[in-house]
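A short write-up of the structure that comes next.
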Amino acid sequence: MVRWPTSTRLPVPEGLNTHVLVTESRGVALPADHPLAPRAEIPFSALRDEPFIALPTTAGPLRDYWLGRDARAGEPVVGVTANTPEEVFEAVTSGLGVVLVAEGNATLYNRPGMVYRPVTGLPPGEPAIAWRKGDRRPQVMAFVDALR
1 MVRWPTSTRL
11 PVPEGLNTHV
21 LVTESRGVAL
31 PADHPLAPRA
41 EIPFSALRDE
51 PFIALPTTAG
61 PLRDYWLGRD
71 ARAGEPVVGV
81 TANTPEEVFE
91 AVTSGLGVVL
101 VAEGNATLYN
111 RPGMVYRPVT
121 GLPPGEPAIA
131 WRKGDRRPQV
141 MAFVDALR
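If you're matching positions, the sequence shown starts at 1 in UniProt numbering and goes up one per residue.
Below, the structure written as C-alpha cells:
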C-alpha cells in the first residue's frame, strides 16, 4: 500500500502501476484536556507550533506526510519519535504532543484521554495499491480487481 497527498504524490518507481483506493482527510489526535480539544474542527495553522509525535526519520516521505510538511513553510516541532501506533497514542494521552491521523482511522485508534478532530487546511491523502507493470499473475490481478 502506498499513501500520498493529492497535491504532492510520493514518487512511484518506474515500472509500477497504481490505483487510488480512496481520498480521505487528515485529522488530529490530541489530549482530551488540550486547549484546542473543545473545537469541532481545527485549522492546521493552529497546530503548526504544537509538538508532533513523529515516525522515525527512516520513514522518509511518510514521516513528512504525517508531520504535515506539505502544508507548512517551516520545520515541524517534533516532541517525540514513536515506532508503533501504541507508542504514538501513549505519547498523545501523556500530553507529549499531537499526531495527524487518517480520517478512516479516527475510530480505530480511539483511546481514553484522547480526542480526534478534523483538520482544515491540509490536502487529503490517497491510499493506493501498487503492483509491477506487466505482472498478470492471477493472484495479483484478483487482488487488484477486488480493490477496484
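Don't be surprised by glycine CBs; every beta carbon is placed ideally from N, CA and C.
**OP:** Would you check if there are 3 or more beta carbon pairs closer than 8 angstroms linking the stretch 22 to 38 to the stretch 121 to 130?
**Re:** A contact exists between the stretch 22 to 38 and the stretch 121 to 130.
Original post:
Can at least three beta-carbon pairs, one atom from the stretch 13 to 20 and one from the stretch 91 to 103, be found at a separation below 8 angstroms?
Top reply: No: the two stretches stay apart, fewer than three of their Cβ pairs being nearer than 8 angstroms.
Original post:
Do you know how far the Cα of G68 is from the Cα of T81?
Top reply: About 15 angstroms.
Original post:
Near A71, which residues of its chain fall below 8 angstroms by C-beta distance, leaving aside the five closest residues on each side in sequence?
Top reply: F44, G121, L122, P123
**OP:** Please check the pair V99 and F52, which I expect to be a contact at CB under 8 angstroms, by giving their CB distance rounded to whole angstroms.
**Re:** 6 angstroms
**OP:** Give every residue of the same chain whose Cβ lies closer than 7 angstroms to the Cβ of R48, excluding the five residues on either side of it in the sequence, and list them in chain order.
**Re:** R72
Original post:
Hey, P112 and N83: beta-carbon distance below 8 angstroms or not?
Top reply: No, Cβ-Cβ distance for P112 and N83 is not below 8 angstroms.
Original post:
Residues bridged to T120 by DSSP?
Top reply: According to DSSP, which records beta bridges pairwise, T120 is partnered with P43.
Subject >> Runs of beta strand (DSSP E) wholly within the UniProt domain "LysR substrate-binding" (11 to 148) (minimum 3 residues, chain order) >> reply: Within the UniProt domain "LysR substrate-binding" (11 to 148), the runs of beta strand (DSSP E) that reach at least 3 residues and sit entirely inside it are, in chain order, 16 to 20, 26 to 31, 51 to 54, 77 to 81, 99 to 102, 114 to 120, 125 to 132.
Original post:
To the nearest angstrom, how far is it from the Cα of N110 to the Cα of D33?
Top reply: 15 angstroms
Original post:
Cβ atoms of G79 and L62: under 8 angstroms apart, would you say?
Top reply: No, Cβ-Cβ distance for L62 and G79 is not below 8 angstroms.
Original post:
Looking at E50 and R117, is the spacing between their C-beta atoms short of 8 angstroms?
Top reply: no
**OP:** Output the distance between the C-alpha atoms of A59 and R132, rounded to the nearest integer angstrom.
**Re:** Rounded to whole angstroms, A59 to R132 spans 22 angstroms at the Cα level.
Subject >> Beta-carbon proximity list for M114, same chain, < 8 angstroms, skipping 5 on both sides >> reply: A29, L30, P31, A32, F89, V92, T93
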